[in-house]
Ligand SMILES: *Cc1c(COP(=O)(O)O)cnc(C)c1O
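Residue numbers (our numbering): 24 to 519.
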């Protein structure tokens with residue numbers, strides 16, 4: 024019989040050559056990203072139509088795959104890393120962030136228990152501590168890294184549920200004497216609250232949306248009233264979700280007042296600081312920390328504002344053991360793998376297999392240092408405020424919310440012909456009805472996004488359509504923002 028080599032892996036010399044080729048590809052992509060369209064021209068289905076319906080029968084060379092990335096994938100992308108991408112919560116890709124992702128790939132471990140990779144577990148614990156000290160969260164908070172804030176919230180509410188309705192872990196929710204559980208969040212809070220309620224068997228209708236004030240912060244007195252009303256009706260208040268940096272306007276709920284209500288009512292307080300948490304590192308935003316030491320749980324997304332590439336979200340709990348009690352469950356085949364004295368992160372959530380996410384945080388945070396992170400966050404705020412001054416000095420536009428952190432919401436209002444001494448007067452829309460203005464603002468965003476030159480989003484505030492810009496990209500400079508603002512004005516002029 025002939026001695027055939029096993030299928031194995033790519034020969035080392037060939038692999039080395041491919042890696043060099045890939046290194047050049049990445050460096051070129053990053054250097055020339057500005058020359059790309061921010062968003063594709065593709066119609067739905069156009070990309071899939073160019074892909075074979077069957078996977079290949081035999082292997083293809085890496086060169087062919089890379090060529091198709093250039094031909095099919097890159098032109099079919101919204102380039103979140105493009106300096107003219109001003110949508111959502113900006114983005115956080117940096118050169119060290121790219122290096123950190125590359126480094127994670129060859130190590131490819133499963134960080135489920137301490138034994139399965141001590142370095143992954145211990146680095147995760149260390150990074151959770153670094154971030155906690157950076158943002159100034161008290162020492163009694165300890166955390167766990169998940170993919171997203173939505174998943175962090177789900178776990179926090181599972182703990183709240185177990186404490187408000189003991190033995191739910193064992194018995195479930197049905198077939199027992201259990202009143203409806205209620206969760207409270209402002210009308211500006213993220214939809215992940217409803218998603219968690221759906222997944223936990225609480226039901227989305229049991230999420231009570233509390234009205235916000237004129238600058239989009241939860242009205243704390245209304246929260247107290249809503250809880251009292253529910254109690255009178257025999258419902259069981261479970262948790263309040265307060266937000267530091269809401270998704271539309273980055274507004275910040277009055278956490279100290281909300282925490283006071285939670286303490287009196289003995290209700291779990293979760294703080295969604297997915298976006299705002301990172302900004303607590305900056306001298307301008309120390310106030311964001313007010314009252315958060317009273318929370319039961321806090322989620323922060325370093326993949327939004329602390330420059331870790333997606334995904335990396337930290338859930339902090341006052342006394343992490345509360346989380347372990349709800350989720351620890353050691354299967355027989357892993358019994359030998361769990362060293363009681365060490366942390367086994369699989370005990371802190373529903374996931375068993377876990378990526379080595381801490382590695383990328385370690386690489387990027389060491390590369391930038393605290394000062395590097397803070398300098399970049401301050402630049403985002405500077406640019407956001409600069410855009411706001413341009414908007415304020417143009418009477419065809421109006422700020423729709425105070426500028427918080429890196430978020431600017433504004434609206435084209437047309438020729439109001441109002442005296443410049445009363446810029447804060449609500450738009451009366453002499454030239455256009457409010458409905459027509461809604462349409463125009465929507466069209467401005469759509470047309471700009473189709474142009475491929477800038478990418479923006481729109482949102483609804485008090486039922487009116489507004490344009491939303493999010494500053495968060497390290498490549499976005501003042502000249503880019505100026506160009507974007509010029510395009511917005513020009514597009515508005517054309518459409519109106
Ligand atoms: C982005 C965001 C979320 C959801 O974050 P994921 O990590 O994508 O789940 C939740 N809350 C707020 C306020 C957000 O901005």
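The beta-carbon is built from N, C-alpha and C at its ideal position, and this holds for glycine as well.
Please read all numbers here as calculations on a predicted model, not as lab measurements.
field: Cβ-heavy atom distance, residue 295 to ligand 1, below 6 Å
entry: Residue numbering aside, residue 295 sits at position 272 when the chain shown is read from its first letter. Under cutoff, so the answer is yes.
query: Using CA coordinates, which residue listed in 413, 321 and 500 is at the minimum distance from residue 57?
result: Taking the first residue of the chain shown as 1, we reach residue 57 at position 34. The shortest Cα separation from residue 57 among 413, 321 and 500 belongs to 500.
message: Only counting the same chain, and skipping five residues up and downstream in sequence, which positions put a Cβ closer than 8 Å to that of residue 202?
response: Stepping through the chain shown from its first residue, residue 202 is reached at position 179. So the qualifying residues of the chain are 257, 258 and 259.
message: Could you compute how far the alpha carbon of residue 146 sits from the alpha carbon of residue 168?
response: Along the chain shown, read from residue 1 onward, the residue named residue 146 stands at position 123. Along the chain shown, read from residue 1 onward, the residue named residue 168 stands at position 145. Straight across, the Cα-Cα distance linking residue 146 with residue 168 is about 11 Å.
field: Ordered list of beta strand (DSSP E) runs contained in the stretch 309 to 393, each at least 3 residues
entry: Fully enclosed beta strand (DSSP E) runs of no fewer than 3 residues occupy 320 to 323 and 336 to 341 of the stretch 309 to 393, in order along the chain.
field: Straight-line gap, residue 478 to residue 405 (C-alpha atoms, nearest Å)
entry: Reading the chain shown from its first residue, position 455 is the one you call residue 478. Reading the chain shown from its first residue, position 382 is the one you call residue 405. Computed Cα separation, rounded: 20 Å.
message: Could you check if residue 173 belongs to the surroundings of ligand 3, using beta carbon to heavy atom distance under 6 Å?
response: Here the bound small molecules are ligand 1; ligand 3 is not part of this structure.
task: Grab me the residues of residue 468's own chain with a C-beta within less than 8 Å of its C-beta, minus the 5 sequence neighbours each way, in chain order.
output: Here residue 468 refers to the residue found at position 445 when the chain shown is read from its first residue. Excluding positions up to five away in sequence, the list reads 479, 480, 481 and 490.
Host alpha helix (DSSP H) of residue 55 (start-end): Residue numbering aside, residue 55 sits at position 32 when the chain shown is read from its first letter. Taken as a continuous stretch (DSSP letters only), residue 55 belongs to no alpha helix (DSSP H), as it is neither H nor E.
message: Quick check: is any heavy atom of ligand 1 less than 6 Å from the C-beta of residue 11?
response: Residue numbering for the chain in the displayed model covers 24 to 519; residue 11 lies beyond these limits and cannot be assessed.
- prompt: Would you call the CB atoms of residue 238 and residue 349 closer than 7 Å?
  reply: Against the chain shown, residue 238 aligns to sequence position 215. Against the chain shown, residue 349 aligns to sequence position 326. It is not a contact, given that the beta carbons lie outside the stated cut-off.
- prompt: What are the complete beta strand (DSSP E) segments, minimum 3 residues, inside the stretch 446 to 505?
  reply: The qualifying runs are 480 to 484 and 487 to 493.
- prompt: Taking 6 Å as the cut-off, is the CB of residue 336 close to at least one heavy atom of ligand 1?
  reply: As a first step, residue 336 must be located in the chain shown, where it is residue number 313. If you check the C-beta of residue 336 against ligand 1, you find a heavy atom less than 6 Å away.
- request: With a threshold of 16 other CB atoms inside 10 Å of the CB of residue 223, please say whether the residue is buried or exposed.
  value: Locating residue 223 in the chain shown gives position 200, where the first residue counts as 1. By the neighbour-count criterion, in which a residue is buried when 16 or more other Cβ atoms sit within 10 angstroms of its Cβ, residue 223 is buried.
- prompt: Going by the C-beta, is residue 298 closer than 6 Å to any heavy atom of ligand 1?
  reply: For the purposes of this step, residue 298 is identified with residue 275 of the chain shown, where counting begins at 1. Yes, Cβ of residue 298 sits closer than 6 Å to a heavy atom of ligand 1.
message: What I want to know is whether the C-beta of residue 117 ends up closer than 6 Å to one or more non-hydrogen atoms of ligand 1.
response: Residue mapping note: residue 117 aligns to position 94 of the chain shown, counting from 1. The beta carbon of residue 117 sits no closer than 6 Å to any heavy atom of ligand 1.
- prompt: Is it right to say residue 193 is buried, meaning 16 or more other beta carbons lie within 10 angstroms of its own, or is it exposed?
  reply: Start at 1 with the first residue of the chain shown, and residue 193 comes out as number 170. That one is exposed.
query: Can you name, in chain order, every residue of its own chain whose Cβ lies under 7 Å from the Cβ of residue 200, other than the five neighbours on each side?
result: Locating residue 200 in the chain shown gives position 177, where the first residue counts as 1. Once the five neighbours on either side are set aside, residue 200 has no close Cβ partner at all.
task: Name the two residues that bound the continuous beta strand (DSSP E) containing residue 247.
output: Position 224 of the chain shown, counting from 1, holds the residue named residue 247. Not the beta strand (DSSP E): residue 247 falls in the alpha helix (DSSP H), residues 243 to 255.
message: Using 7 Å as the threshold, is the C-beta distance between residue 524 and residue 290 below it?
response: Past the boundaries of the shown model lies residue 524; the chain is included only from 24 to 519, so the question cannot be answered.
message: When you compare the stretch 148 to 163 with the stretch 418 to 428, are there three or more beta-carbon pairs, one atom per stretch, that lie closer than 8 Å?
response: No, because fewer than three Cβ pairs between the stretch 148 to 163 and the stretch 418 to 428 fall closer than 8 Å, the two stretches do not touch.
task: Evaluate the contact criterion for the stretch 240 to 247 versus the stretch 78 to 86: three or more CB pairs, one atom per stretch, below 8 Å.
output: No: fewer than three Cβ pairs fall under 8 Å.
task: Would you mind stating whether residue 351 and residue 370 have Cβ atoms separated by less than 7 Å?
output: As a working mapping, residue 351 is identified with position 328 in the chain shown. As a working mapping, residue 370 is identified with position 347 in the chain shown. In contact: residue 351 and residue 370 (Cβ atoms closer than 7 Å).
field: Contained beta strand (DSSP E) runs [length at least 3] in the stretch 197 to 242, N- to C-terminal order
entry: With a minimum length of 3 residues, the continuous beta strand (DSSP E) runs that stay inside the stretch 197 to 242 are 204 to 209 and 230 to 233.
task: Confirm, please, whether the CB-CB distance from residue 253 to residue 205 is below 7 Å.
output: As a position in the chain shown, residue 205 is number 182, starting the count at 1. As a position in the chain shown, residue 253 is number 230, starting the count at 1. Going by C-beta atoms, residue 205 is nearer than 7 Å to residue 253.
message: Can you tell me whether residue 191 is helix, strand or coil according to DSSP?
response: Looking up residue 191 in the chain shown gives position 168. Helix, per DSSP.
task: Determine the DSSP secondary structure at residue 138, reduced to helix, strand or coil.
output: Start at 1 with the first residue of the chain shown, and residue 138 comes out as number 115. In the three-state reduction of the DSSP assignment, residue 138 falls in the coil class, being assigned neither a helical nor a strand state.
task: Tell whether a beta-carbon distance below 7 Å holds between residue 415 and residue 123.
output: Residue numbering aside, residue 415 sits at position 392 when the chain shown is read from its first letter. Residue numbering aside, residue 123 sits at position 100 when the chain shown is read from its first letter. Remark: C-beta atoms of residue 415 and residue 123 do not approach each other more closely than 7 Å.
- prompt: Going along the chain, which residues of its own chain have a beta-carbon closer than 7 Å to the beta-carbon of residue 381, five neighbours each way excluded?
  reply: Taking the first residue of the chain shown as position 1, residue 381 is located at position 358. Result list for residue 381: 143, 146, 147, 150 and 168, in chain order.
Contact set for residue 126: own chain, Cβ-Cβ below 8 Å, skip 5 residues either direction: Counting from 1 along the chain shown, the entry for residue 126 is found at position 103. In the same chain as residue 126, and ignoring 5 residues on each side of it, the C-beta atoms closer than 8 Å to its own belong to 382, 383 and 386, in chain order.
query: Taking 6 Å as the cut-off, does the CB of residue 127 come closer than this to any heavy atom belonging to ligand 1?
result: Along the chain shown, read from residue 1 onward, the residue named residue 127 stands at position 104. Distance from the C-beta of residue 127 to the nearest heavy atom of ligand 1 is not below 6 Å.
- prompt: residue 34 to residue 27, Cα distance in whole Å?
  reply: Position 11 of the chain shown, counted from the start, is the residue given in the question as residue 34. Position 4 of the chain shown, counted from the start, is the residue given in the question as residue 27. A straight-line Cα-Cα distance of about 15 Å links residue 34 and residue 27.
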